[in-house]
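> Numbering (full-length UniProt numbering), first residue to last: 1 to 195.
C-beta: ideal position from N, C-alpha, C; glycine also.
The structure displayed is predicted, hence computed values, not measured ones.
1) Taking the CB atoms as reference points, tell me whether residue 173 and residue 154 lie closer together than 8 Å.
2) Express the C-alpha separation of residue 185 and residue 148 in angstroms, rounding to a whole number.
3) Is residue 104 helix, strand or coil when you go by DSSP?
4) Is the stretch 99-119 close to the stretch 79-90, with three or more CB pairs under 8 Å?
5) Using the C-alpha atoms, what's the distance from residue 51 back to residue 141?
6) So residue 78 is in the alpha helix (DSSP H); what residue range does that whole segment cover?
7) I'd like the span of the alpha helix (DSSP H) that includes residue 131, first residue to last.
8) Of all the options 69, 76, 39 and 115, which has the alpha carbon lying nearest to the alpha carbon of residue 96?
9) Just the Cα atoms here: how many angstroms apart are residue 136 and residue 92?
10) Hey, could you find the ends of the beta strand (DSSP E) residue 46 is sitting in?
11) Compute the distance between the beta-carbons of residue 74 and residue 40, then report whether it is under 8 Å.
12) Can you determine whether any heavy atom of the ligand ATP sits closer than 7 Å to the C-beta of residue 130, and answer yes or no?
13) Take residue 44 and list the residues in its own chain whose beta-carbon comes closer than 6 Å to its own, dropping the five residues that flank it on each side.
14) Quick one, are the C-beta atoms of residue 124 and residue 176 less than 8 Å apart?
15) Could you work out which residue in 163, 165 and 63 is closest to residue 109 when comparing CA atoms only?
16) Since residue 158 and residue 138 should fall inside the 8 Å C-beta cutoff, what is the C-beta to C-beta distance between them, to a whole number of angstroms?
17) Going by the CB atoms, is the gap between residue 67 and residue 48 shorter than 8 Å?
18) Within 10 angstroms of the Cβ of residue 111, are there 16 or more other Cβ atoms? Answer buried if so, exposed if not.
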C-alpha cells in the first residue's frame, strides 16, 4: 500500500496560453516542440546566375535573378533551412545568398537601404578559407543579434557572393552616419569572420 501512495502523482493542469501567443521554450520547458524565437523575422534570398543573353546592368535581369526563398522567425526554422539548402561553397559562380530582415529587399533601391552602407570581406583564394563556416558564423551573428548593441537597429542583412575568382561576405547597414555604432559592428564582424 505504501508503494501505491508513492507512485500516485497529482499533476496540476497548466493554464492554457491565449490563442494569439506563440508557444516558446519559456512556457513549457518539458515540451520539445516549442520554438526558440528570434528577435526579428528573417528572409533568405537567392540570386541565380544570369543566363548568357542577360545583361547584369538591367533592372529586369536583376529582378528576375533575385528570388525570395523562405522566411523564418525561430532557431529551429533556421537550422531546418540551413541543413536543407546548398552550402555556399556548392553554389555556382555569379550566385549569392542574402539573409535580410523580413521586409527589406537585398538591393540598394529598397527604402531601408538607400542611406545605408556595407562592410565587406573579400577572399581571392577560395581554398584558403572555409566559406561555409564563415557564412554560417555571420548568419548566426546576424539572427542572434550579436553584431550590434540592443536598440542600434543598424544591421539590415548579410550576403555571400560566389564569384569565379573570389568570394565576398557582406554586412549591410541601415545608415552610414553613426560612426561609433558602425565601427563597433565592423569590429564584431571582423572577429566573427576572422579578418
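In this structure, then:
1) Yes, Cβ-Cβ distance for residue 173 and residue 154 is below 8 Å.
2) Their Cα atoms are separated by approximately 6 Å.
3) Residue state, collapsed to three classes: coil.
4) Judged by Cβ distances under 8 Å, the stretch 99-119 makes no contact with the stretch 79-90, as fewer than three pairs qualify.
5) Cα to Cα, the separation comes out at about 33 Å.
6) For residue 78, the enclosing alpha helix (DSSP H) stretches over residues 75-82.
7) According to the DSSP assignment, residue 131 belongs to the alpha helix (DSSP H) that extends over 131-143.
8) For the residues 69, 76, 39 and 115, the minimum Cα distance to residue 96 belongs to 69.
9) Rounded to whole angstroms, residue 136 and residue 92 show a C-alpha spacing of 18 Å.
10) Run containing residue 46: 37-47, per the beta strand (DSSP E) assignment.
11) No Cβ-Cβ contact shorter than 8 Å links residue 74 with residue 40.
12) Here there are no bound small molecules, and the ligand ATP is not part of this structure.
13) Around residue 44: 69, 70 and 99.
14) No Cβ-Cβ contact shorter than 8 Å links residue 124 with residue 176.
15) From the listed residues 163, 165 and 63, the smallest Cα separation to residue 109 is found for 63.
16) About 5 Å separates the two Cβ atoms, so the contact holds.
17) Cβ distance < 8 Å, so residue 48 and residue 67 count as in contact.
18) So residue 111 ends up on the exposed side.
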